[in-house]
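The next block holds one structure in the form of structure tokens; read it before the comments.
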Amino acid sequence: QKEVEQNSGPLSVPEGAIASLNCTYSDRGSQSFFWYRQYSGKSPELIMFIYSNGDKEDGRFTAQLNKASQYVSLLIRDSQPSDSATYLCAVWGRRSNDYKLSFGAGTTVTVRA
Amino acid sequence: TAGITQAPTSQILAAGRSMTLRCTQDMRHNAMYWYRQDLGLGLRLIHYSNTAGTTGKGEVPDGYSVSRANTDDFPLTLASAVPSQTSVYFCASTPGPGNTEAFFGQGTRLTVV
Chain A
17 QKEVEQNSGP
27 LSVPEGAIAS
37 LNCTYSDRGS
47 QSFFWYRQYS
57 GKSPELIMFI
67 YSNGDKEDGR
77 FTAQLNKASQ
87 YVSLLIRDSQ
97 PSDSATYLCA
107 VWGRRSNDYK
117 LSFGAGTTVT
127 VRA
Chain B
1001 TAGITQAPTS
1011 QILAAGRSMT
1021 LRCTQDMRHN
1031 AMYWYRQDLG
1041 LGLRLIHYSN
1051 TAGTTGKGEV
1061 PDGYSVSRAN
1071 TDDFPLTLAS
1081 AVPSQTSVYF
1091 CASTPGPGNT
1101 EAFFGQGTRL
1111 TVV
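Going down the list, the protein sequences come from chains A and B. If you read the first sequence in this note's numbering, its first letter stands for residue 17, the second for the next number, and so on. If you read the second sequence in this note's numbering, its first letter stands for residue 1001, the second for the next number, and so on.
Below, the structure is given as structure tokens:
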């Protein structure tokens, strides 16, 4: 089982719609969760992080975390063509004294004008 | 601009040859990481270093070695390249290990022929 799994894409949404991205993780002890956006040919850049159960909003982005279900999601409201990118879910896990940041395979989002 | 610099940006390498991918950061981050990114597989951790003088193996370490002689530099060496090592390589850093945002270099696209 992969440590971080994301819903397979690609995901195509019309401009102005909500894009919903899902991620599950296997390490129940994980405490911090990140969403990165990666444009084609570029490096990942952080868009959201969440540590506590519930919702966290930042502009058009909302991250949702449910530790009991080991589930984290990202909602993009009022999707714009500039949101077209691959979104990577990342989770910090710990084994003994070693921390490891694991990534999902990514979900590619295309926003249709 | 502060950040992480990788070199080279891209490289074509003959199978069997050795190569070192360079990574330098000027943020005084303690922890550094090497990931490879392949289509459909996301970012996979190759090696990491929680602090200068220490290194550890990630998810896919075979065929790669690293060193961390000082805080700023974290080179990745391929001793004898094989075609399966064709990938995009990202170096990343965090202030310390665990629970923080990772900052990425611009990536190195390596093709082994």
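Every residue gets a Cβ at the ideal spot worked out from N, C-alpha and C, and that includes glycine. These numbers come from a predicted model, not from an experiment.
Partner residues on chain A for Q1106 (chain B), Cβ-Cβ distance less than 7 Å: Against chain A, the beta carbon of Q1106 (chain B) has neighbours under 7 Å at S59, listed in chain order.
Between the CA atoms of Y1089 (chain B) and G57 (chain A) - distance to the nearest angstrom: Rounded to whole angstroms, the gap between the alpha carbons of G57 (chain A) and Y1089 (chain B) is 12 Å.
Rounded C-alpha distance that separates T1009 (chain B) from Q1037 (chain B): The C-alpha of T1009 (chain B) lies about 15 Å from the C-alpha of Q1037 (chain B).
Chain-order list of residues whose beta-carbon lies under 6 Å from that of R93 (chain A) (same chain, five-residue window excluded): Once the five neighbours on either side are set aside, the close Cβ partners of R93 (chain A) are I34 and R76.
Beta strand (DSSP E) segments (min. 3 residues) lying fully within the region 31-95 of chain A: Within the region 31-95 of chain A, complete beta strand (DSSP E) segments of at least 3 residues are found at 35-41, 48-54, 61-66, 70-74, 77-82 and 87-92, given in chain order.
Run of the beta strand (DSSP E) containing V1082 (chain B), from where it starts to where it stops: No beta strand (DSSP E) holds V1082 (chain B); DSSP gives it neither H nor E.
For S1049 (chain B), three-class secondary structure by DSSP: If DSSP states are grouped into helix, strand and coil, S1049 (chain B) belongs with the strands.
Beta-carbon neighbours of L104 (chain A), restricted to chain B and to distances below 9 Å: Neighbours of L104 (chain A) on chain B, chain order: G1042 and L1043.
Closer than 8 Å to chain B by CB, S48 (chain A): True, the Cβ-Cβ gap to chain B drops below 8 Å.
Among A:K83, A:F49 and A:Q22, nearest to N1099 (chain B) - alpha-carbon criterion: Comparing Cα-Cα distances from N1099 (chain B) to each of A:K83, A:F49 and A:Q22, the minimum goes to A:F49.
Beta strand (DSSP E) segment containing Q109 (chain A), residue limits: Checking the displayed sequence, the identity of residue 109 (chain A) turns out to be Gly instead of Gln. Unbroken beta strand (DSSP E) run through G109 (chain A): A101 to R111.
Exposure of P1097 (chain B), with buried meaning 16 or more beta-carbon neighbours within 10 Å: A residue is called buried once 16 or more other Cβ atoms fall within 10 Å of its Cβ, and P1097 (chain B) is buried on that count.
Simplified DSSP state of S1018 (chain B), which is helix, strand or coil: S1018 (chain B) carries a coil assignment under DSSP once its states are collapsed to helix, strand and coil.
Three CB pairs or more closer than 8 Å across the region 1009-1024 of chain B and the region 1044-1063 of chain B: Too few Cβ pairs lie closer than 8 Å, so no.
Contact with chain A by A1102 (chain B), beta-carbon distance below 8 Å: Using a Cβ-Cβ cut-off of 8 Å, A1102 (chain B) counts as an interface residue toward chain A, since at least one Cβ of chain A sits closer than that to its own.
Endpoints, the beta strand (DSSP E) within which M1032 (chain B) is located: Residues A1031 to D1038.
Beta-bridge pairing of Q1106 (chain B) - partner residues as DSSP gives them: The secondary-structure analysis by DSSP pairs Q1106 (chain B) with nothing; it has no beta-bridge partner.
S1067 (chain B), enclosing beta strand (DSSP E) - first and last residue: It is not in any beta strand (DSSP E) - S1067 (chain B) carries neither H nor E in the DSSP assignment.
CB contact check: G1098 (chain B) to chain A, cutoff 8 Å: G1098 (chain B) counts as touching chain A.
Sequence-distant residues of its chain with Cβ nearer than 6 Å to D43 (chain A) (five each side left out): Excluding five sequence positions before and after D43 (chain A), the CB atoms of its chain that fall closer than 6 Å to its own CB belong to G109, given in chain order.
Nearest to M1027 (chain B) (by Cα), restricted to the options B:G1016, B:N1070, B:L1110 and B:T1086: Here the closest residue by C-alpha is B:N1070.
Any C-beta of chain A under 8 Å from that of F1090 (chain B): For F1090 (chain B), the nearest CB of chain A lies under 8 Å from its own CB, placing it at the interface with that chain.
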